[in-house]
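First comes the structure, then the notes that go with it.
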Amino acid sequence: MDNGGQWTHREWRVLRDIGADARIVANTTPFETLDSDAIVLSGGAPRIGSEAALLGSTGDYLDKAAIPVLGICVGCQFIAMHFGATAGPADVPEYGKMELKIDEHDELFAGLPSKFFAWESHNDEVKTPVPKELKILAHSDGCKVQAFKHLSKPFYGVQFHPEVEHTEHGYEIFKNFIALARK
Numbered sequence: 495m496d497n498g499g500q501w502t503h504r505e506w507r508v509l510r511d512i513g514a515d516a517r518i519v520a521n522t523t524p525f526e527t528l529d530s531d532a533i534v535l536s537g538g539a540p541r542i543g544s545e546a547a548l549l550g551s552t553g554d555y556l557d558k559a560a561i562p563v564l565g566i567c568v569g570c571q572f573i574a575m576h577f578g579a580t581a582g583p584a585d586v587p588e589y590g591k592m593e594l595k596i597d598e599h600d601e602l603f604a605g606l607p608s609k610f611f612a613w614e615s616h617n618d619e620v621k622t623p624v625p626k627e628l629k630i631l632a633h634s635d636g637c638k639v640q641a642f643k644h645l646s647k648p649f650y651g652v653q654f655h656p657e658v659e660h661t662e663h664g665y666e667i668f669k670n671f672i673a674l675a676r677k
């Protein structure tokens, strides 16, 4: 789902490289026409606090989807807000390499080390505390919610960018996500 991110094509390429039949579609595409086993909500330039409307039909997808959904960056922030979390300006906007610390390996981080480097590019972030429906899976020194999962839906959010080559284990994160769709 294209939210105008600079790396949307990179997300598509990684998914294709790991054997997923992926395509890029506009975030205004009606849910009923998607015919998908999973959805990746790309990152993007919209500021979540003032430009969430630029994420098109994303709320509709979250209301109707029973398939796995992975939100990246602003996609992550939108999922969190949709389920009652607060997202807004980061205390310290992050750009570049940071150390990701896994709090719970869950399906998304299965088989990965407890710490590894990931790539950041964000002004906004999900704030704590998060609603009880969301469980924090990872954090960094500068961001308390680097990753989360919804406890009753197959929805995940990652603040960092697993699609870029600077993120260690990014391909494995996508493989773990796609494995959820193939269950």
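Quick note: the sequence shown uses the numbering used here, first residue 495, plus one each step.
Beta carbons are placed, not taken as given, at the ideal position from N, Cα and C, and that holds for glycine.
Treat the numbers as computed from the prediction; the structure is a model and nothing was measured.
Item	Value
Smallest Cα separation from residue 515: which of 533, 551, 651 and 521?	533
Closer than 8 Å is the cut-off here; do at least three beta carbon pairs connect the stretch 628-642 with the stretch 593-607?	yes
In terms of residue numbering, what span does the beta strand (DSSP E) encompassing residue 521 cover?	No beta strand (DSSP E) holds residue 521; DSSP gives it neither H nor E.
If you follow the alpha helix (DSSP H) that residue 511 is in, where does it begin and where does it stop?	502-511
Alpha carbon to alpha carbon, how far is residue 654 from residue 612?	6 Å
Tell me which residues share the same chain as residue 668 and place their Cβ nearer than 7 Å to its Cβ, disregarding the 5 neighbours each side in the sequence.	508, 509, 512 and 656
Report the partner residues of residue 615 according to the DSSP bridge assignment.	589
Could you tell me if residue 645 is buried or exposed, where buried requires 16 or more neighbouring beta carbons within 10 angstroms of its beta carbon?	exposed
Taking DSSP as the reference, what is the three-state secondary structure of residue 582?	strand
Go ahead and label residue 574 buried or exposed: buried means 16 or more other beta carbons lie within 10 angstroms of its beta carbon, across all protein chains shown.	buried
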